[in-house]
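Engineer: Residues 5 to 178 (the numbering used here) make up the sequence shown, in order.
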Amino acid sequence: MDTIALQNINTLLDINVKSTFIFKDRKILINNDDSTEHINENNINTEYILYFTFNQLFNAIRHENINRNKLINDLDQALDNLYENESFQKLIDNDKHIDEIMNDITLKLDIITEKYYNHYECKNLYNKLNNFYNYLIEDFINRIPLHIYTNIDDIDEDIYEEPLLDVNSINKGD
5 MDTIALQNIN TLLDINVKST FIFKDRKILI NNDDSTEHIN ENNINTEYIL
55 YFTFNQLFNA IRHENINRNK LINDLDQALD NLYENESFQK LIDNDKHIDE
105 IMNDITLKLD IITEKYYNHY ECKNLYNKLN NFYNYLIEDF INRIPLHIYT
155 NIDDIDEDIY EEPLLDVNSI NKGD
């Protein structure tokens, strides 16, 4: 199910202002045939596909194995692309149920964005701790030369172990 929803979001990421699309069998497809204008059979199918796509991915955000920030950005961009699209604007103007569903999706996306992306307290705490840790590591690395020392007893032993030259034992004539 997540695969179909991700395919739909990727399709919505690829649309532009003039794109026309088809809502069919839980999938959103871009209509590449400019000579024909596809009319969706019923708006209930359109409502279902939009609701399914966004809500399926809203639930997927809770999974640990996905990049939440990328998914939230993709959902936000897909929603922006939909609202900027001329044919979708006509669809919203003609059907208030789709407008209500889109308002619901927008509200849910705003809540999720606030929770996971903007002001999530754990994320803020983690970022502060991470910044402090990086500061400590950087400071430690910068001060390493100041903390390197040699044991003075080792230095004294090395000095006394070297044989001293006896000035009297040097043969001056040889």
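Even for Gly, the Cβ is constructed at its ideal location relative to N, Cα and C.
The structure displayed is predicted, hence computed values, not measured ones.
Could you tell me the boundaries of the beta strand (DSSP E) in which K22 lies?
Structural biologist: What you label residue 22 is simply residue 18 of the sequence shown in a count that begins at 1. Run containing K22: none; DSSP gives neither H nor E here.
Engineer: Rank N47, N14 and N20 by C-alpha distance to the C-alpha of D97 and give the top, closest one.
Structural biologist: Locating residue 97 in the sequence shown gives position 93, counting from the first residue. Measuring from the Cα of D97, the nearest candidate turns out to be N47.
Engineer: Hey, quick one: how far does the alpha helix (DSSP H) through K74 stretch, first residue to last?
Structural biologist: Here residue 74 refers to the residue found at position 70 of the sequence shown. Segment R72 to E88, the alpha helix (DSSP H) holding K74.
Engineer: In or out: N85 buried (at least 16 other Cβ within 10 Å) or exposed?
Structural biologist: Stepping through the sequence shown from its first residue, residue 85 is reached at position 81. By the neighbour-count rule (16 or more Cβ atoms within 10 Å), N85 is buried.
Engineer: To the nearest angstrom, how far is the alpha carbon of I26 from that of N73?
Structural biologist: Position 22 of the sequence shown, counted from the first residue, corresponds to residue 26. Position 69 of the sequence shown, counted from the first residue, corresponds to residue 73. Cα to Cα, I26 sits roughly 28 Å from N73.
Engineer: Three or more beta-carbon pairs under 8 Å between the stretch 75-90 and the stretch 30-37, yes or no?
Structural biologist: The stretch 75-90 vs the stretch 30-37: no contact.
Engineer: Grouping DSSP H, G and I as helix and E and B as strand, with all else coil, what is I148?
Structural biologist: Sequence index remark: in the sequence shown, residue 148 carries index 144 (1-based). If DSSP states are grouped into helix, strand and coil, I148 belongs with the helices.
Engineer: With a Cβ-Cβ cutoff of 8 Å, do K31 and N12 count as a contact?
Structural biologist: Residue 31 sits at position 27 when you count from the first residue of the sequence shown. Residue 12 sits at position 8 when you count from the first residue of the sequence shown. Against a cut-off of 8 Å, the Cβ pair of N12 and K31 comes out as a contact.
Engineer: So, helix, strand or coil for I115, using DSSP?
Structural biologist: Residue numbering aside, residue 115 sits at position 111 when the sequence shown is read from its first letter. If DSSP states are grouped into helix, strand and coil, I115 belongs with the helices.
Engineer: Would you identify the three-state DSSP class for I65, choosing helix, strand or coil?
Structural biologist: As a working mapping, residue 65 is identified with position 61 in the sequence shown. Three-state DSSP puts I65 in coil, outside helix and strand.
Engineer: Assuming K112 and F56 form a contact by the criterion Cβ under 8 Å, report the distance between their Cβ atoms to the nearest whole angstrom.
Structural biologist: Locating residue 112 in the sequence shown gives position 108, where the first residue counts as 1. Locating residue 56 in the sequence shown gives position 52, where the first residue counts as 1. With 8 Å as the limit, K112 and F56 do not qualify as a contact, their Cβ atoms being about 13 Å apart.
Engineer: In the DSSP assignment, what are the bridge partners of K31?
Structural biologist: The residue you call residue 31 lines up with position 27 of the sequence shown. Paired residues: K28.
Engineer: Only counting the same chain, and skipping five residues up and downstream in sequence, which positions put a Cβ closer than 6 Å to that of D99?
Structural biologist: Within the sequence shown, residue 99 is the residue found at index 95, counting from 1. Around D99: N47.
Engineer: Taking C-beta to C-beta, are V21 and E118 nearer than 8 Å?
Structural biologist: Taking the sequence shown and counting its residues from 1, the one referred to as residue 21 is at position 17. Taking the sequence shown and counting its residues from 1, the one referred to as residue 118 is at position 114. Cβ distance not < 8 Å, so V21 and E118 don't count as in contact.
Engineer: L140 to Y120, Cα distance in whole Å?
Structural biologist: Counting from one through the sequence shown, the residue named residue 140 turns up at place 136. Counting from one through the sequence shown, the residue named residue 120 turns up at place 116. Roughly 27 Å separates the two Cα atoms.
Engineer: Just the C-alpha distance for N59 and T50, rounded to the nearest angstrom, thanks.
Structural biologist: Along the sequence shown, read from residue 1 onward, the residue named residue 59 stands at position 55. Along the sequence shown, read from residue 1 onward, the residue named residue 50 stands at position 46. Each residue's alpha carbon lies about 14 Å from the other.
Engineer: What would DSSP say about D108, mapped onto helix, strand or coil?
Structural biologist: In the sequence shown, the residue the question calls residue 108 occupies position 104. Looking at D108 - three-state DSSP - the assignment turns out to be helix.
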